[in-house]
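Enquirer: Sharing a structure with you now.
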Amino acid sequence: MSVRRRFFVTQALFGGGTLLVCCLAPLIGPTTISLTRVFDTAIPFAENVDAQIFFIARLPRMLAGALVGATLASAGVVLQALLRNPLATPFTLGVSAGASLGAMIVIIFGVRLSFLGVPATPLASFAGSLVAVGLVYSLARARGRGLSTNVLLLAGVTLNSLFSATILFVQYLADFSESFRAIRWVMGNLDVSSYDPILSALPMVGLAFVAFATLPRTLNLLALGTDHAATRGVNVLAAQRLAFVSASLATGAAVSVGGPIGFIGIIVPHIVRLLVGADHRVVLPASAMLGAAFLVTCDVGARTLMSPVELPVGVITALLGGPFFLWLLIRHS
Amino acid sequence: MATHSTFVNTDWLASHRSPATASRQRGRRSPSATAAVALVVWSILLGWTHPTRGGQLAPPPQRIVTVIPAVTEILFAVGADAQIVGIGSFDELPAGAAEIARVGGLLDPDMEQILALRPDLVVLYESQTEQAEQLQRAGIPLMSYSHAGLADIVTTIRSLGERTGHLTQATSVATRLTQRLDAVRARVRGRPRPRTLLVFSREPLSLRNTYASGGIGFLHDMLDVAGGDNVFADIADERVAQLSAEAILTAAPTVILEIRNDGGFGVDIAEQERAVWRSLPAVPAVVRDEIHFLAGSEFVVPGPRVVDAIEQIARLLHPDAF
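Chains A and B supply the protein sequences, listed in that same order. The number in the working numbering is simply the position in the first sequence, starting from 1, with 88 added. The number in the working numbering is simply the position in the second sequence, starting from 1, with 24 added.
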């Protein structure tokens, strides 16, 4: 089978599977709804409970899950290649800690604000991730020429713990019900109950995916080392900058929609590599699709397992991801 | 900053640390001691716990410390206010009352400050097992209690009154409270009970992170007395966490009642927050525009003022009955 043919077969399989999951997910839920009623235009929308459950409660969640899952999984692929570290995640470089701090401040100090239909928490979490990305980037650039991936990694890890400490301090100042809400935010939740948060994250994620589309060949070369990539004509600094900034901003946007949902950015890329090999031209799009399907599936579990109480989706991804991660560690050593 | 120990929260804490944990921790120390030491420790322990049980035998305490808003309110109501030397950081004093030393909250009481006040009685919530151990080591008498529902308030009023030497006034406070509760029950009896969603927390300007009352605990009991049927009465928990849009649509409440412990519902804010619910137009409460906002510490402090809160809810649910 030619490389080209294999590429198309792989993408078609992943794409078909993801499409199937995304079509089935809105049909599953704690309440039984009738599809004929959902699409019955004779009943006014305001009175059609089935249609509202489908279009307000389930469809936005499925879309949010697909968007967040695809973003986190591809950002994971990009950052693992950029940092040449299989344990890197979209959250390694401080993005999620920055986003969490932003969200905590808004939740705990009760900021009431909304912009274009997006409430304060997602806005603040995106702002927080921008601050984190800016800090890490300028720290990594401060050491002179180039973008040192070692400094990037260290700056990210340090910033993560610095932000975590600040989060603890902010939580200490809070009352229980606020702390409880803040903790729940960290566990992830895709119940967006409107399309606004998804639409507002879409431009940023869309731009990042355009950037990702130009990256695979470069990432393949970067994975062999920056010197090697440079001799093969890669503008290393520009590529690293593009990879870091696009992956981080997309992660920030995804976190603003669903909270810092863990492990997708690490387990999905690794599963994909196990299945299709290490070529980023295949791995990147396949990871985006598997990420979407995986998170949408986990969210079906989140809203049905303990209904009407919601199980935080981050708990499900972490429960599945944690053991997988450990297996991966053992396998590598 | 809002009231620290709202009942919604205290019981959440209580579930974390059961009394069994406390006795286990105490038990770990004594077996390692010699028999003589154990005997001394045992007699001291008996001496410490004794006043908790047979309060009327000891003279009434004159230096009381509490960190729980409900206890402070009860002590004022039974006339024990002159005996209080320390209260919680978030407790509210009745209008005109002189300020009392603040000694921290339910989670973070300042033990050093409490000890410095030389209390002869510290009232703790059941979940405060660490503090109870520290006080026992310091030989300070303590009384611990727990609140699981509306009926417990009356019991706590009586027991606090008895312990502080104000049994007569406590009995009359408890009787008045019971009578007012019965009066509300009588007014709403026989009237159609609206299916009510009782929300106590959510993200501002959004339906995300919505928390509602489940089928046990104060909020549920308050709604029940006020003549409403909780849509989540079947859920054997104090709260239904992170309610999804689907759960709200399925529950189909005819009334949505939002309560907060602070005065955070100005007219503008209530209007904005009401608009948020319109994103679920099939919910009967939205169709009928039966979305109400109530704010005040009486809704979250399980003390004598709880009946004020219940009356407000009853007036909202049954305006014709009043």
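Glycine is no exception: its CB is placed at the ideal position from the N, C-alpha and C atoms.
Are any of the Cβ atoms in chain A nearer than 7 Å to that of L159 of chain B?
Expert: L159 of chain B does not count as touching chain A.
Enquirer: Out of A:G353, A:H368, A:I359, which one is the CA nearest neighbour of V156 of chain A?
Expert: Ranking the options by Cα distance to V156 of chain A, first place goes to A:G353.
Enquirer: Per DSSP, which one or two residues make a beta bridge with L174 of chain B?
Expert: The partner list for L174 of chain B (beta bridge, DSSP) is empty, contrary to what the question assumes.
Enquirer: When you compare only the Cα positions, how much space is there between S170 of chain B and V165 of chain A?
Expert: So the two alpha carbons sit approximately 52 Å from each other.
Enquirer: Are there 16 or more other CB atoms within 10 angstroms of the CB of F133 of chain A, so buried, or fewer, so exposed?
Expert: F133 of chain A comes out exposed.
Enquirer: Could you tell me whether the Cβ atoms of A94 of chain B and G327 of chain B are closer together than 7 Å?
Expert: In this structure, G327 of chain B lies closer than 7 Å to A94 of chain B by Cβ.
Enquirer: With distances taken Cα to Cα, identify the nearest neighbour of L241 of chain A among A:L256, A:I255, A:Y225.
Expert: Minimum Cα distance to L241 of chain A is reached at A:Y225.
Enquirer: How about S202 of chain A: is its C-beta nearer than 7 Å to some C-beta of chain B?
Expert: So yes, S202 of chain A belongs to the interface.
Enquirer: Do you know whose CA, among B:T188, B:R263, B:R200, B:T278, lies nearest V217 of chain B's CA?
Expert: First, the amino acid is wrong: residue 217 of chain B is Arg here, not Val. When each option's Cα is compared against that of R217 of chain B, the closest is B:T278.
Enquirer: Exposed or buried, what is T30 of chain B when buried is set at 16 or more other beta-carbons lying within 10 Å of its beta-carbon?
Expert: Note that T30 of chain B has pLDDT 38, beneath the 50 cutoff, so the model's placement of it is unreliable and the number below is only indicative. By the 10 Å Cβ count, T30 of chain B comes out buried.
Enquirer: Alpha carbon to alpha carbon, what distance is there between I259 of chain B and A294 of chain B?
Expert: Going from the Cα of A294 of chain B to the Cα of I259 of chain B covers about 28 Å.
Enquirer: May I ask which residues mark the beginning and end of the alpha helix (DSSP H) holding L240 of chain A?
Expert: It spans 237-260 - the alpha helix (DSSP H) in which L240 of chain A sits, taken as one unbroken run.
Enquirer: Cutting at 8 Å between CB atoms, please list the residues of its own chain near P228 of chain B, excluding the five before and the five after it.
Expert: The residues are E297.
Enquirer: Considering only the alpha carbon of each residue, which of B:V89, B:T234, B:S183 lies closest to G128 of chain B?
Expert: Considering only alpha carbons, the answer is B:V89.
Enquirer: List, in order along the chain, the chain A residues whose C-beta lies closer than 7 Å to that of N254 of chain B?
Expert: The contacting residues do not exist; N254 of chain B stays about 13 Å from chain A at best.
Enquirer: Got a sec? Which residues, its chain only, sit under 7 Å from T392 of chain A by beta carbon, not counting five neighbours each side?
Expert: Only I116, G117, P118 meet the Cβ criterion.
Enquirer: Give the residues of chain B in contact with P118 of chain A, contact being defined as C-beta atoms less than 9 Å apart.
Expert: The answer, in chain order, is S268, E270, A271, T274.
Enquirer: Counting only Cβ pairs nearer than 7 Å, list the residues of chain A close to S230 of chain B.
Expert: Per Cβ cutoff of 7 Å: P207.
Enquirer: If you check the beta carbons only, do N233 of chain B and R149 of chain A fall under 7 Å apart?
Expert: No, Cβ-Cβ distance for N233 of chain B and R149 of chain A is not below 7 Å.
Enquirer: Flag S303 of chain B as yes if its beta-carbon sits less than 7 Å from any beta-carbon of chain A, otherwise no.
Expert: Cβ-Cβ to chain A under 7 Å: yes for S303 of chain B.
Enquirer: Alpha carbon to alpha carbon, how far is R92 of chain A from L378 of chain A? Give it in angstroms, no decimals.
Expert: Approximately 20 Å, taken between the alpha carbons.
Enquirer: Should N452 of chain A and A185 of chain A be called a contact, given that it needs their Cβ atoms to be closer than 7 Å?
Expert: Coverage of chain A is limited to positions 89 through 421, which leaves residue 452 of chain A absent and any answer about it impossible.
Enquirer: Provide the residue span of the alpha helix (DSSP H) that contains Q336 of chain B, from first to last.
Expert: Its alpha helix (DSSP H) spans residues 330-341.
Enquirer: Tell me, please, whether the stretch 189-198 of chain A touches the stretch 254-270 of chain A by the rule of three or more beta-carbon pairs shorter than 8 Å.
Expert: Touching, per the Cβ criterion.
Enquirer: Once DSSP output is grouped into helix, strand and coil, what is the label at I283 of chain B?
Expert: Looking at I283 of chain B - three-state DSSP - the assignment turns out to be strand.
Enquirer: Between the stretch 185-209 of chain B and chain C, which residues of the former have a C-beta closer than 8 Å to a C-beta of the latter?
Expert: Of the chains in the structure shown, none is chain C; the protein chains are A and B.
Enquirer: When you compare only the Cα positions, how much space is there between I138 of chain B and G110 of chain B?
Expert: Computed Cα separation, rounded: 7 Å.
Enquirer: Comparing the C-beta of A250 of chain B with each C-beta of chain A, is any distance below 7 Å?
Expert: By this cut-off, A250 of chain B is not an interface position.
Enquirer: Going by other Cβ atoms of all chains shown within 10 Å of its Cβ, with 16 needed for buried, is A119 of chain B buried or exposed?
Expert: Under this definition A119 of chain B is an exposed residue.
Enquirer: Below 7 Å CB to CB, which residues in the same chain sit around G251 of chain B once its five sequence neighbours on both sides are set aside?
Expert: V212, R215, R217, A338, L341, H342, listed in sequence order.
Enquirer: Taking CB distances under 7 Å as the criterion, tell me whether S225 of chain B reaches chain A.
Expert: Closer than 7 Å to some Cβ of chain A, the Cβ of S225 of chain B qualifies, so yes.
Enquirer: Mind checking which residues open and close the alpha helix (DSSP H) that includes A236 of chain B?
Expert: First-last for A236 of chain B: 234-237, but that is the beta strand (DSSP E), not the alpha helix (DSSP H).
Enquirer: Just how far apart, CA to CA, sit W72 of chain B and R161 of chain B?
Expert: Confidence in W72 of chain B is poor, its pLDDT being 43 and thus under 50, which makes the residue's placement unreliable; the coordinate value appears in the next sentence. Whole-angstrom Cα-Cα distance: 9 Å.
Enquirer: So P348 of chain A packs on A187 of chain A, CB below 8 Å; how close in whole Å?
Expert: So it is a contact: roughly 6 Å between Cβ atoms.
Enquirer: Which value, in whole angstroms, describes the spacing of the CA atoms of L147 of chain A and D387 of chain A?
Expert: Answer to the nearest angstrom: the Cα atoms are 12 Å apart.
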